[in-house]
Amino acid sequence: MVTSLDALGRWEKLDALTGPVQRVVRGLPLGRYRDVLHGLPIGHPLHPALVQVPMGAWLSAAVLDVVPGTGRSARLLVGVGVLAAAPAAWAGWVDWAEQHEDQMRTGLVHAASIAVAVGLYARSWVQRGRGRTARGKVLGFAGLCAAGAGGMIGGHLAYRQAAGANKTEPVPHLLDDGWHPVGRVEDFPIGEAVRRELGEVPLLVVRRPGGHLHVLAGRCSHLSGPLPEGTITDGCVVCPWHGSVFRLSDGANVRGPATAPQPTFQVSVDYEGIVHVRLPGAG
């Protein structure tokens, strides 16, 4: 089973679809609502939270389908699940459009499975309304199987392929506590992004006009994009891979698709002009 799920990420024939669909999703005029759908206000992807509603409604409908006298309630829950699947899908698509190729391939199969489930449940709702309860129940249970398969693929995408996970969470665990030298002040030209290494952790170092130094973890929390290769503008760094924007002063993510901030280092310059950095909570 795991081998088959892993193979989805290597199914290159899906690339004929991923490219055009990605362009459509990225081209949608969502404005700032795109960040809301990414989950920026809540600090993690919104899609997994939204899917609880349709899945919960459909599971509850399946339980009621084996309880006599609950046909109207079961149909209501089927309809709630179909309607609630729409915002969950919107959030899922905007996340999907900013992922790596292997994740996008797996995500496309996940979306197809859920689309089948929604179609089956929509037909189930119609059949129940026409009095064909038995047929509606069969379609409902078929939809639940399709949704379950889609959920399993989604879990593989989230945990096996780490889509949506905060890529900077391990940083404090890879560093020792205390102050560490990263170079001399003159090694950091004003306004330029400079890469440094601190053990296994890459750093982004930016010296602002006036001499103030900002140091962030160098890999983007979204999908590990190289921030030292990004653009420095308006006191922020823009990830070169997917356009996430982080404030240099505190690492806050001011625009998605990243939903987690960048670890931010304290900076100290000694009397010899050597820059030392420390990450609070490291070790």
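Per full-length UniProt numbering, the sequence shown starts with residue 1, numbered consecutively. Idealized CB from N, CA, C, for every residue including glycine.
Using only the alpha-carbon positions, how far apart do residue i and residue j sit?
{"i": "Trp96", "j": "Gly107", "result": "7 Å"}
{"i": "Ala252", "j": "Val245", "result": "8 Å"}
{"i": "Ala163", "j": "Glu272", "result": "44 Å"}
{"i": "residue 286", "j": "His276", "result": "With the chain covering only 1 through 283, there is no way to say anything about residue 286."}
{"i": "Ala89", "j": "His173", "result": "35 Å"}
{"i": "Glu200", "j": "Val171", "result": "9 Å"}
{"i": "Pro68", "j": "Ile114", "result": "28 Å"}
{"i": "Ala146", "j": "Ala282", "result": "44 Å"}
{"i": "Thr3", "j": "Gly131", "result": "43 Å"}
{"i": "Ala62", "j": "Gly79", "result": "13 Å"}
{"i": "Trp58", "j": "Gly81", "result": "6 Å"}
{"i": "Gly230", "j": "Gln52", "result": "36 Å"}
{"i": "Ser124", "j": "Pro54", "result": "14 Å"}
{"i": "Trp179", "j": "His47", "result": "39 Å"}
{"i": "Arg23", "j": "Asp234", "result": "28 Å"}
{"i": "Arg75", "j": "Trp241", "result": "45 Å"}
{"i": "Gly9", "j": "Val25", "result": "20 Å"}
{"i": "Gly148", "j": "Ser60", "result": "14 Å"}
{"i": "Arg160", "j": "Ala122", "result": "31 Å"}
{"i": "Gly150", "j": "Pro280", "result": "40 Å"}
{"i": "Ser18", "j": "Val66", "result": "What sits at residue 18 in the sequence shown is Thr, not Ser. Going by the C-alpha atoms only, they are around 40 Å apart."}
{"i": "Leu216", "j": "Phe188", "result": "14 Å"}
{"i": "Asn166", "j": "Gly43", "result": "10 Å"}
{"i": "Ala112", "j": "Leu14", "result": "12 Å"}
{"i": "Tyr33", "j": "Gly155", "result": "25 Å"}
{"i": "Ala91", "j": "Gly243", "result": "18 Å"}
{"i": "Glu98", "j": "Ala7", "result": "20 Å"}
{"i": "Ala16", "j": "Asp102", "result": "13 Å"}
{"i": "Gly177", "j": "Gly211", "result": "One detail in the question is off: residue 177 reads as Asp in this sequence, not Gly. Those two C-alpha atoms are separated by around 25 Å."}
State the DSSP-derived secondary structure class of residue i, mapped to helix, strand or coil.
{"i": "Thr233", "result": "strand"}
{"i": "Ala193", "result": "strand"}
{"i": "Gly281", "result": "coil"}
{"i": "His242", "result": "coil"}
{"i": "Ala7", "result": "helix"}
{"i": "Leu213", "result": "strand"}
{"i": "Arg75", "result": "helix"}
{"i": "Leu174", "result": "helix"}
{"i": "Gly183", "result": "strand"}
{"i": "Leu227", "result": "helix"}
{"i": "Leu248", "result": "coil"}
I believe residue i touches residue j by the beta-carbon criterion, under 8 Å. Please report the beta-carbon distance rounded to the nearest angstrom.
{"i": "His38", "j": "Pro257", "result": "5 Å"}
{"i": "Ser249", "j": "His214", "result": "6 Å"}
{"i": "Gln262", "j": "Arg278", "result": "Contact flag wrong, Cβ pair sits at about 15 Å."}
{"i": "Trp11", "j": "Arg105", "result": "5 Å"}
{"i": "Thr168", "j": "Ala260", "result": "6 Å"}
{"i": "Ile153", "j": "Leu5", "result": "7 Å"}
{"i": "Val138", "j": "Ala85", "result": "About 20 Å separates the two Cβ atoms, so there is no contact after all."}
{"i": "Arg207", "j": "Ile274", "result": "Incorrect: roughly 14 Å between the Cβ atoms, too far for contact."}
Taking 8 Å as the threshold (C-beta atoms), are residue j and residue i in contact?
{"i": "Asp35", "j": "Arg247", "result": "no"}
{"i": "Leu157", "j": "His100", "result": "no"}
{"i": "Pro209", "j": "Gly191", "result": "yes"}
{"i": "Leu198", "j": "Pro228", "result": "no"}
{"i": "Leu175", "j": "Gly143", "result": "no"}
{"i": "His222", "j": "Cys239", "result": "yes"}
{"i": "Arg195", "j": "Gly225", "result": "no"}
{"i": "Leu50", "j": "Pro20", "result": "no"}
{"i": "Leu77", "j": "Leu64", "result": "yes"}
Within 8 Å of any Cβ in chain D, is that where the Cβ of residue i sits?
{"i": "Gly131", "result": "In the structure shown, chain D does not exist; there is a single protein chain."}
Fully enclosed by the region 85 to 159, which beta strand (DSSP E) runs are 3 residues long or longer?
If we require 3 residues or more, the region 85 to 159 turns out to have no beta strand (DSSP E) run fully inside it.
Complete alpha helix (DSSP H) runs within the region 12 to 66 (minimum length 4 residues, chain order):
Segments of the alpha helix (DSSP H) lying fully in the region 12 to 66: 15 to 27, 33 to 38, 47 to 50 and 52 to 64.
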